[in-house]
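Encoded as structure tokens, the structure appears first; notes follow it.
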Amino acid sequence: MLVSCDKTDTGCSGGLMNDAFEWIVQENNGAVYTEESYPYASGEGISPPCTTSGHTVGAMITGHVELPKDEAQIAAWLAANGPVAVAVDASSWMTYTGGV
Numbered sequence: 001m002l003v004s005c006d007k008t009d010t011g012c013s014g015g016l017m018n019d020a021f022e023w024i025v026q027e028n029n030g031a032v033y034t035e036e037s038y039p040y041a042s043g044e045g046i047s048p049p050c051t052t053s054g055h056t057v058g059a060m061i062t063g064h065v066e067l068p069k070d071e072a073q074i075a076a077w078l079a080a081n082g083p084v085a086v087a088v089d090a091s092s093w094m095t096y097t098g099g100v
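Be aware that the sequence shown starts at 1, since it is given in the UniProt record's numbering, and climbs by one per residue.
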């Protein structure tokens, strides 16, 4: 859904979580569709056409917050509010082959 519909980000070339959340809230009435009803289709690096009807809503988003980069504050927020979305700069993982 986001790869095809969120035009603030860059489809198959990536994007930012905050922009994706904003698109969901502002442009899709907070609806996040299930993977089963709107499957991700990769291939040639071209986003499939966007469709916003006929899908099953799996979750609703009413807003989002950006947490500070402090583990104790993140843990406290998590305990009080529930799950968090996390972004990782994985550029250094390009040559990862295994092990910890």
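Note that beta-carbon positions come from the ideal geometry of N, C-alpha and C, so glycine has one too.
- Beta-bridge partners of Met60 (DSSP): Ala31.
- Annotation for Ala80: the continuous alpha helix (DSSP H) segment containing it runs Glu71 to Asn81.
- When C-beta atoms of the region 58-72 are compared with those of the region 21-35, three or more pairs fall below 8 Å, so the two segments count as touching.
- When DSSP states are grouped into helix, strand and coil, Asp9 belongs to the coil group.
- In the three-state DSSP reduction, Met1 falls in the coil class, being neither helix nor strand.
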